[in-house]
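Each residue of the sequence shown is one higher than the last, beginning at 453 in the numbering used here.
By construction, the Cβ of each residue, glycine as well, lies at the ideal position given by its N, Cα and C atoms.
Quantities reported herein were computed from a predicted structural model and do not represent experimental measurements.
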Amino acid sequence: MAVYTNISEENLIELLNSYDIGSLKKFEGILEGVENTNYKIITSKNNYILTIFEKRVNENELPFFIELQKHLFEKNINCPEPIANKNNNFINNIANKKCVIMSFLEGEKLDIVFPKHCYEVGRHLAKMHYSLKDFTITRENSLNYSHWREIFNKCKLAKNFKDKKFINDIENELNFLEKKWPNSSSSIPKGIIHADLFKDNVFFNDYSCTGIIDFYFACADFYIYDLAICINDWCFDKMNFNGEFNKNSSPKFNHDKYKFMIKGYQEVHKFTNDESKYFNIILRGASMRFLLTRLHDKLYHPIDSYVEPKNPNDYFSLLEFHQKNILDLEDFNT
């Protein structure tokens, strides 16, 4: 469940009166997602999404996220368009919290992913990266490799974290990544990335990508780090021995999905030598990032939280896979 802030019809009508988007006909909470509160709004003119920002989002960074999505929309990237009110303000208030209204995107989130979907995701991700090359505003990645040690140290302070082997394995991998992570002198292309392009943040109509949402982790980093995050989510299946989906199974690599995602991405961007050289390290880093944040959220999970913490063990399995297997970019860059 992800409706943390309940609003009344009166609250919403008062907010909508400051916009020119029609009168309220209906609204309903959206239960998916974990970070912010979202409502679908139906007015006499159109459908919209109201996002109410919860405590994890820094209010000072909201203008960056709005300008980013305005830029992407103007570049014909399938993403929500921020809607301004009558005073040309994009960020407003409801229930004593900051909020925005966005255009509504058609399409559905996928229950079953096929390789053709991965091709579309790879192609749209590369198009998004290309369209952001002239975006002049930046934001530091507050969850990049330089912050992983700090997150891990906090995890080790938790009274319910006593698995010595697990702790030692993470410690060893952090030591490796800190030594091998590409520095600023590398020629790996860098810019603003989505940083959270999981399956639940992409809409489809059959095999066509109709929308990318949830840009509230967007930041400056390597483009292939964004691709690595996608690969770890889209190209591994949680199947049992009968080939049926099982959320309790360990992720298993799907080469066809990987091949199609890389093919889609490199139709727009040809990989550089440094991207190929560091790709395995980047994949391991993308695994470590979500392993640590999920571990942290599980260890420090509030008792009264609506949201069930996600399993960090999935990303430990992905990390082990990338430690043992080298996924190649060069075979696709011809």
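Query, Result
"First and last residue of the uninterrupted alpha helix (DSSP H) at residue 745", "725 to 751"
"Per DSSP, the bridge partner or partners of residue 660", "657"
"C-alpha gap between residue 453 and residue 680, whole angstroms", "Interpretation of residue 453 is limited by its pLDDT of 44, a score under 50 that renders its predicted location unreliable; no figure is taken from the coordinates."
"For residue 646 and residue 669, the rounded distance between their alpha carbons", "7 Å"
"Cβ contact (3+ pairs, closer than 8 Å) linking the stretch 544 to 555 and the stretch 595 to 612", "no"
"Opening and closing residue of the beta strand (DSSP E) in which residue 552 lies", "549 to 555"
"Close Cβ partners of residue 685 (< 7 Å) along its chain, the five nearest in sequence each way excluded", "650, 651"
"Buried versus exposed call for residue 709 [16 or more other C-beta atoms within 10 Å across all chains shown]", "buried"
"Assumed close pair residue 677, residue 738 - CB separation to whole angstroms, cut-off 8 Å", "6 Å"
"Rounded C-alpha distance that separates residue 584 from residue 591", "13 Å"
"Any non-hydrogen atom of the ligand MG closer than 7 Å to residue 499 Cβ", "Looking at this structure, you won't find the ligand MG or any other ligand, since it has none at all."
"For residue 513 and residue 536, the rounded distance between their alpha carbons", "17 Å"
"Distance CB(residue 570)-CB(residue 712) smaller than 8 Å", "yes"
"Which of helix, strand or coil DSSP assigns to residue 516", "helix"
"Uninterrupted beta strand (DSSP E) stretches inside the stretch 453 to 506 (no shorter than 3 residues)", "476 to 482, 489 to 495, 499 to 504"
"Short Cβ contact (8 Å threshold) for residue 642 with residue 673", "yes"
"Straight-line Cα distance separating residue 720 from residue 745", "31 Å"
"Beta-carbon spacing of residue 703, residue 766 below 8 Å", "yes"
"Cβ-based neighbour list, residue 769, same chain, cut-off 7 Å, excluding 5 preceding and 5 following", "702, 703"
"Backbone CA spacing between residue 528 and residue 614 [nearest angstrom]", "49 Å"
"Identified DSSP bridge partners for residue 643", "673"
"First through last residue of the alpha helix (DSSP H) which encompasses residue 545", "Where residue 545 is concerned, there is no enclosing alpha helix (DSSP H), although the beta strand (DSSP E) it sits in stretches over 544 to 546."
"6 Å Cβ shell around residue 567 - same chain, five flanking residues per side excluded", "708, 709, 712"
"C-beta atoms of residue 459 and residue 476 nearer than 8 Å", "no"
"Same chain, Cβ closer than 6 Å to residue 653, five either side skipped, listed in chain order", "665, 666"
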